[in-house]
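J.: Convert by adding 125 to the 1-based position in the sequence shown; the result is the number in our numbering.
No residue lacks a Cβ here, since even glycine has one placed at the ideal position from N, Cα and C.
A quick note: this is a predicted structure, and the numbers were derived from the prediction, not measured.
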Amino acid sequence: MDAVPHPQRTPLPDRRRPTALRPRPRPPARPVLDPGTEQHCRGRLPTRPRLPPRRTAHSLRVPKGPPEVNPPAVLLGRLTADPELRYTPNSVPCATFTIAYDKRRKTADGQWETECTTFVRCTAWRNTAEQAAKALAKGMPVIAVGELYNRAYETRDGEKRYSLECNVQDLGVNLRWLKDDNVANGGWSGTSGGGKPSPAAQAWNTSTNPQQGGFAGGDDEPPF
Numbered sequence: 126m127d128a129v130p131h132p133q134r135t136p137l138p139d140r141r142r143p144t145a146l147r148p149r150p151r152p153p154a155r156p157v158l159d160p161g162t163e164q165h166c167r168g169r170l171p172t173r174p175r176l177p178p179r180r181t182a183h184s185l186r187v188p189k190g191p192p193e194v195n196p197p198a199v200l201l202g203r204l205t206a207d208p209e210l211r212y213t214p215n216s217v218p219c220a221t222f223t224i225a226y227d228k229r230r231k232t233a234d235g236q237w238e239t240e241c242t243t244f245v246r247c248t249a250w251r252n253t254a255e256q257a258a259k260a261l262a263k264g265m266p267v268i269a270v271g272e273l274y275n276r277a278y279e280t281r282d283g284e285k286r287y288s289l290e291c292n293v294q295d296l297g298v299n300l301r302w303l304k305d306d307n308v309a310n311g312g313w314s315g316t317s318g319g320g321k322p323s324p325a326a327q328a329w330n331t332s333t334n335p336q337q338g339g340f341a342g343g344d345d346e347p348p349f
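(1) Just the Cα atoms here: how many angstroms apart are residue 237 and residue 230?
(2) From residue 288 to residue 272, what does the alpha carbon distance come to, in whole angstroms?
(3) With which residues is residue 218 paired in a DSSP beta bridge?
(4) My guess is that residue 241 and residue 228 are in contact by the Cβ rule of under 8 Å, so how many angstroms apart are they, rounded?
(5) In three-state terms, what does DSSP make of residue 135?
(6) Verify whether the separation of the beta carbon atoms of residue 218 and residue 250 is less than 8 Å.
(7) Going straight from the alpha carbon of residue 223 to that of residue 202, what length do you get?
(8) Can you give the Cα-Cα distance for residue 260 and residue 266, rounded to whole angstroms?
(9) Tell me whether residue 256 sits in a helix, a strand or coil according to DSSP, three-state version.
(10) Using DSSP's beta-bridge definition, name the partner residues of residue 230.
(11) For a test of the three-state rule: what should DSSP assign to residue 301, helix, strand or coil?
(12) Which of helix, strand or coil does DSSP assign to residue 251?
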C-alpha cells in the first residue's frame, strides 16, 4: 500500500514585534555602596557633587582691611569765644574753640524762633591753629571742614555724657555775611588787630538774620 503524501502546512504569520519596537533589556542594577568605602573612593561609581555648607551667623567673618574713615564734615556757625592757643610738649601749636549753630523756624506770626542750638568743640593744629588765634574772634561766622566724632566724658557727679567734637583741617571766615562797608582791617570790621574784638563786633553778635544758621547770642556759653 502506497503512503499518502502529507499535505504541506501554511506557515503561520510571525506575531512578534519588529526588532525596532522591542523593548531594550534593562541593564543590571549597580550595587549601592556606602560613601567612604574603598570601592566608593576608587571612583567606581560616580560621586554626587557636594554642596557648600550653609553660612550661618557664626561662620560669617568680617573682612579684614583698613579702618573706615569718616567723610569730612562742613560746619557753618559762629565762635562762642576767642580761639585758645596752646602748645604741646613737642612745641606743636594747638587751638581749641567752639562753633555754635542755631536751627530756626518761622512761626505763624512771621517771627523767627530758635528751636535748638548745637555746639561743636573744634581743635586745629599747627599753622591753622596759629592763624586762627590771630584772625578769629568771638562771634565771627566761620566755615570749618574736618572729621566729626563723639567723645565720652564724666561729670563731677559721675554721670557719663557725650560731646560732639571736630578735628579741623581747613578753617576760614564765612564771607557770605560780610557787608561792603566792612572792609576795614582786612575785611573784618569787628577786629582791631591781633584777633581782639572791637565795639563794632557787636553787629555780628546781634544779627537776627534767620538764614545765617549761626550763633546769634555771642554772650552765651556752651553747656559744657
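T.: With the structure as the only source:
(1) The alpha-carbon atoms of residue 237 and residue 230 are separated by roughly 6 Å.
(2) Cα to Cα, residue 288 sits roughly 14 Å from residue 272.
(3) Residue 218 pairs with 212.
(4) Sure, about 5 Å apart at Cβ, within 8 Å.
(5) DSSP places residue 135 in coil when its eight states are reduced to three.
(6) Result yes, Cβ atoms of residue 218 and residue 250 sit closer than 8 Å.
(7) Put simply, the backbone Cα of residue 223 is about 9 Å away from that of residue 202.
(8) Whole-angstrom Cα-Cα distance: 12 Å.
(9) Helix, per DSSP.
(10) BP columns for residue 230 point to 238.
(11) Residue 301: helix per DSSP, three-state reduction.
(12) DSSP, read as helix, strand or coil, puts residue 251 in helix.
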